Structure formats: structure tokens, C-alpha cells
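One line per chain: the protein sequences are A and B, in this order. Taking the numbering used here, I'd label the letters of the first sequence as residues 1 to 289. Taking the numbering used here, I'd label the letters of the second sequence as residues 1001 to 1354. Just so you know, even glycine gets a beta-carbon here, dropped at the ideal spot from N, CA and C. None of the values given here were measured: they were computed from a predicted structure. Here is the structure we will look at.
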Amino acid sequence: MADQLAIGSRRGLKPALPLLLPAYLWLTVAIFLPLSAMVFFSFMTDLPLAGKDWAFTLGNYAAFFSQGLYATLMLASLRLGLEVTLWCIVIGYPAAYVLAKVLKGRSREAIFLLVILPFWSNGLVRIFSWAMVLREGGILDTALNAVLPFKINIDLMYSYPAVIIGLVHSYVPYMVLTCYLTLQAIDDSLIEAGRSLGASRRQVLWRVIIPLSMPGLIAGAALIFVPVVGSFMEPRILGGRTGTFYGTVIEDQFVAVFNWPLGAALSFILLAVVLIILALAAPVLRRAG
Amino acid sequence: MAGVQVANVSRSFGAHKALDDVSIDFADGGFYALLGPSGSGKTTLLRQIAGFDFPDSGRIAIGGESVERVPVEKRRIGMVFQNYALFPNMSVADNVAFGLSVRGEAKATIAAEVQRALDLVQLGKLGARKPHQLSGGQRQRVALARAIVTKPRVLLLDEPLGALDKALRVDMQIELKRIQREIGITTIFVTHDQEEALTMSDRIGILRDGRLVQEGPPEEIYDRPQSEFAATFLGDANIFRGNATGNGILLADGTTIAAAVGDRLVPGAKASCAVRPERIQISTGVVKPDTGNANSLKGQVSKRIFAGNNSTYFVDRDGQTLKVIVQNTGAERLAEGEPVVLSWSPDSTVLIAA
Ligand SMILES: Nc1ncnc2c1ncn2[C@@H]1O[C@H](COP(=O)(O)OP(=O)(O)OP(=O)(O)O)[C@@H](O)[C@H]1O
Ligand SMILES: [Mg+2]
């Protein structure tokens, strides 16, 4: 990686500028402008809409620190992000491995399609179909009771596990894709070389394959962790009363309470926390990779 | 150390027979070259011995023990891959240390062994580098050090010098041979460079379409090829086709060619004779009877290629182009179009059943 960058910079950035320009223009318009508006809002007492009075304040940020609730919810959301990311690794990595190294040809394409499917279905449809599966008297409950000789009551709806299940389902394709790409790039002869040197399959996995697929794991984890910490749709629909997280509170500020400045401030605090976590994790992960 | 016995091994991929009843005895401590055109099954054979792939039928034994049920990591082999297969995330030293560290050897032992192996391949100072910071030849030596540091019983090399330029290749050939002698390890070396096979190995096996065509010491294969394929694949050969007589063949135009090497054949059977280009003498006059060159043919020089210490003449004779290699001793050279007489001894003529 580092030496590739070095080669790039030696040739100079100038020839690349025309190629980068559209991307930067787009980023400026689509992300930078709205984001700066939000930064602006987050320092206001009220929205400058409908002729209301407003003034600059740090109060929105102070609110986070003065009320313990926000910090508690932040921790709950971070834990949610961590758990979902871990489940995505546990489920997604083996799937990616099988796709990249075991399956060949047609069956690979078919399984790949199945993995990608959640991407193509609408988020709300996905979540509501889980609601139908998980509720009491729902598909899972009925199916299990039809198979099992004794009566059990499965009502996962409106619970923490339901939120986890919904989120993992939505985000696991990211992990499969990023890991698939890095695993795909690992030459089979490296695995064979490891075996010929006396390493068992398990040792090859831990010492060769996992270290080499670390970039994919990290990319997948970042792609999952960040949006999950701020997620609100799955917690709200599948979690019910237990589904109050940092993301749902932010959403409330924007759609229910109409306190945009507080919502914006809470968002930026989340952004800062996530960035700090990623920055702290970077050196550790870089060493592992 | 141990020898490797391959007995009646066959392996098919679908309808394609990649190995067809191959039997070779690789002697303990020997340097064995497997030679053959692309797709002839060389890599497939190595993979059966290594245990990456399994034969449909036949047996493989290492050190006298059948390895049918022995997984790769228990076979105690060292393998150098065509693309080196160094672990890109590890330093050179860690690459070499891998085999010892998965065995759970002590850190100090590992460090000492790794240093010794790196010194052996003359890379003692480069242990801290990553593989991508090495040249092709250095990478190949790291792969070799990594393969031998675990003291394997057998060293398998799959065209390890394929990616190197000529000069580096020759250096590496010498070095590989030196290391092999030093540790006396049974080595099976896949190549499709015939010169490499001839100069390096104790024995050569020639594969074609999954079958073992011929097997033996380099001199024997070169001097007594048993098929036209072996004759032309290992070195150059002029081939004459005709019918067997008591001691040679009779060509269609009535010329007889006497052969003193090779099997006796039933007179009248289809047969061919092979003559190495450097065994033929070329002259403008008549051949003196005392040279013992009982075989002679008339022809016309069609082309001469100068190659420094020798010249190759292409001589047309009755629709056939013969190749003659002559040392450049400073004597007169023959012009293109000049009529010449080719002569050679029956001792240089190999009779081959068609
Ligand atoms: N996994 C496989 N699936 C299908 N066919 C295979 C497989 N491995 C090898 N083959 C076929 O078996 C034959 C022998 O292949 P092999 O790799 O042993 O050739 P080789 O002698 O090593 O050739 P080269 O000099 O090009 O490396 C080839 O025709 C190849 O296409
Ligand atoms: Mg090959």
C-alpha cells in the first residue's frame, strides 16, 4: 500500500486532477454543503424558519454532557454496533471464505446472488418481513411448533435480539463482499505453501489467510460499525420499547420534536466519537494486517 | 532423507488423463529432473507427491512408506512453487521461520536455523525485508531457504527458475545444485528447459501427455533415445524414417543407414534412425574410407547460422532438411548452395522402433 502511494506521488498528482475533479465537485455539493449547514444549525438555539428568533449557543452540545441519558444511549449504541459487527464477521467471513475458496463456477454465482439479495430489497420491506417472522404466532413460532413435539413460545419481536437479527441481516453483505474480495486475491499457492511447510489447515487459516484478509475485515467492520451505531429504523421497528438507541433519539429530534439544532449537535458528537474510536483502532489494526 | 516411489499412478480431470500409469523411482539423495512439454502432467505429478491432489489409482511412497493417508503437512516435503508463493505479509525471516514456528520450536532455535538457512542461500542480511522488496532471484532463494529450513525428506521444485533471465538462471542453477549437494536431499525438479535438465540432474524423466516416455541418466537419454519424441525433445536430432534391415534402416529412395545403437528390430518393420547434428561431418569432397563413417549422404547447403563457437548448417537432401553443427575451428566455411557430403558413424546412429 505505502509503496504504491509512493509511486503515485513520485509521478505527481497533476495528471490525475482532471480525473479527480468531478468526484470532488460532487463531494462538495452533496456532502460538504449540507454538512456545513448542519454544523451551523448545531450552534443555534432554534431553526431560522418561520421568522423565529435564534442566537448562537453551545447549549446543544452541553445538553449531551449534562444529561446522563445521552451518554447511556451512546454506550448502548456503541455496544450494538460492536455486537452487530462481530456477528457479521462470524457469519460473513466463513461465507466469504466458502465463496472465494471452496465453490467454483455456477454454484458460486448462485450463492453470491443470495448473499447480495438483501442489498436489492427495500430496507423497510426487509425489516417488516423480519417482524412477520419474529413475532408471536409469526412464521418462526409457527414453524418451530409444527416441528417440535412440545409447545414453545417464540416471541422475539420488540426485543434486543430482534434488533440484532434485523441489523445483521441488513449489513452482513458488506462483510461478505469486502472479505470475498480480499480472500479472492489470496493465491491458492500460499495456502499450499503453508501446508507443505507443516502447518495444519487451522494454522494456515490463522497465520496466513486471516492476516492477509485483514484489510477486508477492517473495511467491512468500518462499513458496518459506523452506520449501525447511528441506526434508527431497525431499532424502532423491531425493537419497540426496547429499541431506544442514540440513533432513534437523533431521528426524533429531526422528525418528531423538530429540534434540529439538538439533533445536529448529537449527530456531530456521534461522528466525533466514531472518528476517535477508528483513530484509536487504526494502529492496532494496521499492525494486525 | 528418503527416496520417493511412484507406482502406476493415474490421475484424470474429467475425460482428460493428466497422468497415465506413471511409475518412477526417485532415488534417495538424487537430483531428478522432470521434463516435458506444457500440459504433459509435470505439475500434476508433483502435486500428487506433495499431497495437494490425490491419484485415482496407483501408489506413492516416501521413504518406503505409503503416503496415501498422510496429509500434506505430515509428509515432510519442501516445495518451491513456480511463483515462489512467499507470504506477502511476512518479512523474509518470518517466511523462512514459518515452518519451524508452526512446529512450535523455541524462539532461539528458530532464529539460529533461519539465519543458517538464509546464509546458505546468501541472503543473510536481508531477513528484515518484505518479499516485495526483493528481486526475482532473491525471492526464489528465499523460497528455497523456506523449503529446506524444516529439513524435509524431499524437495519438490516446480520450474523455480522459469521467471529468471538467462544469466541469473545459470547462477541459480549452480547455487541450487551446490545446496542440494550440501544437504544431500532427494530433489525433484520440474522444468521444460532441456539444457537445465541435462546439466543439473542425475536422472531425467520425460513426460508426454501424462505418460512417462523415457527415464534414465542424462547421457543415456541423450545417446540412446527410445522414441522420436525423446530424441527431438531432449536435444536436436535428425530423423530418418524407413524400414528396418538387419543393422539399420532402408530409406524409401534405396539408401541404407547403418545403426549400431538401439534395439534390434524385425527386418521390414517400420523404424527410424536418429542422429545428433554434432555427430555429422560435412565436407565438399568424397569421404575418406578410413574415418569409419559408414553412413554418407549427398546434399546441398541451404543455410548457415553462425553462433560464435559453432555454426549450424542446414543441408537439403531429397526433400528433407538435415541439421549439422560444426565447431568453428577457423577452417574454410561452406557457402550456401554448395554441394556437400554428410557422413557419420553407425555408433552415432540410434535405431528407434516406429
Ligand atoms: N485442476 C485441474 N482441473 C482440470 N484439468 C487440470 C487440472 N490440473 C491440471 N489439469 C490438466 O492436466 C494436464 C497436465 O497439467 P499440468 O499442470 O500437470 O501440466 P505441466 O506439465 O505442469 O505443464 P506446464 O509446463 O505448462 O506447467 C493439462 O492438460 C491441464 O489442463
Ligand atoms: Mg506446470
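Bridge partner(s) assigned by DSSP for residue i
i          : result
Asn-1295/B : Trp-1344/B
Ala-1061/B : Gln-1005/B, Ser-1066/B
His-1016/B : Phe-1013/B
Gly-1262/B : Leu-1351/B
Ser-1272/B : Arg-1241/B, Ile-1352/B
Pro-1339/B : Gln-1300/B
Ala-1033/B : Phe-1189/B, Ile-1204/B
Val-1154/B : Ile-1077/B, Thr-1186/B
Ile-1049/B : Note: Ile-1049/B sits in no beta bridge, so no partner.
Phe-1054/B : DSSP lists no partner for Phe-1054/B.
Phe-1401/B : The shown model of chain B, from 1001 to 1354, leaves out residue 1401/B, and the question about it has no answer.
Ile-186/A  : According to DSSP, Ile-186/A bridges with nothing at all.
Ile-1257/B : Ile-1249/B
Close-in-space but distant-in-sequence residues of the same chain around residue i (CB under 6 Å, 5 per side omitted)
i          : result
Glu-1338/B : Val-1301
Ser-231/A  : Gly-247
Gly-239/A  : Val-163
Gly-138/A  : Met-132
Gly-1210/B : Lys-1017, Ala-1018, Leu-1019, Asp-1020, Gly-1041
Trp-87/A   : Val-168
Gly-1242/B : Ile-1249, Leu-1250, Leu-1251
Ser-1257/B : Reading off the sequence shown, one finds Ile at residue 1257/B, where the question assumed Ser. Phe-1240, Gly-1248, Ile-1249, Cys-1273, Asn-1295.
Leu-75/A   : none
Ile-276/A  : none
Ile-1280/B : Val-1324, Leu-1342, Trp-1344
Tyr-93/A   : Cys-179
Proximal residues to residue i (C-beta, below 7 Å), its chain only, five neighbours per side dropped
i          : result
Gly-263/A  : Ile-250, Gln-253, Phe-254
Leu-280/A  : none
Thr-1150/B : Gly-1078, Gly-1099, Leu-1100
Val-274/A  : Val-226, Val-229
Val-1190/B : Leu-1034, Lys-1042, Thr-1043, Leu-1046, Leu-1157, Asp-1158, Glu-1159
Ser-77/A   : Val-229, Phe-245, Tyr-246, Gly-247
Residue i, DSSP secondary structure in three states
i          : result
Lys-1323/B : strand
Arg-1076/B : coil
Tyr-1313/B : strand
Gln-1281/B : strand
Ser-1023/B : strand
Phe-1098/B : helix
Ile-91/A   : helix
Gly-194/A  : helix
Asn-1084/B : With the sequence shown as reference, residue 1084/B is identified as Tyr, and Asn is not the correct amino acid for it. In this structure, Tyr-1084/B counts as coil in the three-state DSSP scheme.
Ser-1091/B : coil
Lys-1166/B : helix
Ala-1108/B : helix
Pro-1160/B : coil
Pro-1131/B : helix
Ala-96/A   : helix
Arg-1146/B : helix
Pro-173/A  : helix
Beta-carbon proximity list for residue i, same chain, < 8 Å, skipping 5 on both sides
i          : result
Glu-1336/B : Val-1301, Ser-1302, Lys-1303, Arg-1304
Ala-1117/B : Val-1096, Ala-1145, Arg-1146, Ile-1148, Val-1149
Trp-130/A  : Ala-162, Ile-165, Gly-166, His-169, Leu-238
Ser-1091/B : Gly-1127, Ala-1128, Arg-1129, Lys-1130
Thr-1245/B : Thr-1256, Pro-1267
Phe-1306/B : Asn-1328
Thr-1321/B : Ser-1302, Phe-1314, Val-1315
Is there contact here, the stretch 1078-1086 of chain B with the stretch 1101-1116 of chain B, by at least three beta-carbon pairs under 8 Å?
As far as the Cβ criterion goes, the stretch 1078-1086 of chain B does not touch the stretch 1101-1116 of chain B, which means the pair count is below three.
Hey, which unbroken runs of the alpha helix (DSSP H) at 4 residues or more fall wholly within the stretch 100-165 of chain A?
Listed in chain order, they are 105-120, 123-134, 139-147.
Give a yes or no on contact between the stretch 177-187 of chain A and the stretch 93-100 of chain A, applying the rule of three or more CB pairs nearer than 8 Å.
With the cut-off at 8 Å, the stretch 177-187 of chain A and the stretch 93-100 of chain A touch.
List, from N- to C-terminal side, the alpha helix (DSSP H) runs of 4 residues or more that fit wholly inside the stretch 199-287 of chain A.
Taken in chain order, the whole alpha helix (DSSP H) runs of length 4 or more contained in the stretch 199-287 of chain A are 201-204, 210-229, 233-239, 246-255.
Flag this pair as touching only if the stretch 1162-1179 of chain B and the stretch 1127-1146 of chain B have three or more C-beta atom pairs under 8 Å; answer yes or no.
Contact between the stretch 1162-1179 of chain B and the stretch 1127-1146 of chain B is present: 3 or more CB-CB pairs across the two stretches fall below 8 Å.
Evaluate contact between the stretch 257-272 of chain A and the stretch 195-206 of chain A, counting only Cβ atoms and requiring at least three cross-stretch pairs below 8 Å.
Touching, no.
Okay, do the stretch 1003-1017 of chain B and the stretch 1047-1058 of chain B touch, 3+ Cβ pairs below 8 Å being the bar?
They touch, by the three-pair rule.
Residue ranges of each beta strand (DSSP E) within the stretch 1180-1255 of chain B, 3 or longer
Restricted to the stretch 1180-1255 of chain B, the beta strand (DSSP E) segments that are unbroken, complete and at least 3 residues in length are 1186-1191, 1203-1208, 1211-1216, 1238-1244, 1248-1250, listed in chain order.
Does the stretch 1022-1038 of chain B come close enough to the stretch 1190-1202 of chain B to have 3 or more Cβ pairs within less than 8 Å?
Using a C-beta cut-off of 8 Å, the stretch 1022-1038 of chain B makes contact with the stretch 1190-1202 of chain B, since at least three inter-stretch Cβ pairs fall below that distance.
Does the stretch 23-43 of chain A come into contact with the stretch 55-70 of chain A, if we say contact requires no fewer than three beta-carbon pairs (one atom in each stretch) closer than 8 Å?
Yes, the stretch 23-43 of chain A touches the stretch 55-70 of chain A.
Whether or not the stretch 138-156 of chain A and the stretch 209-222 of chain A are in contact is what I'm after, with contact meaning three or more pairs of Cβ atoms, one per stretch, closer than 8 Å; do they touch?
The way I'd put it, the stretch 209-222 of chain A doesn't touch the stretch 138-156 of chain A; fewer than three beta-carbon pairs between them come closer than 8 Å.
Note down, one range per segment and in chain order, each beta strand (DSSP E) of at least 3 residues found wholly within the stretch 7-89 of chain A.
The stretch 7-89 of chain A contains no whole beta strand (DSSP E) run of 3 or more residues.
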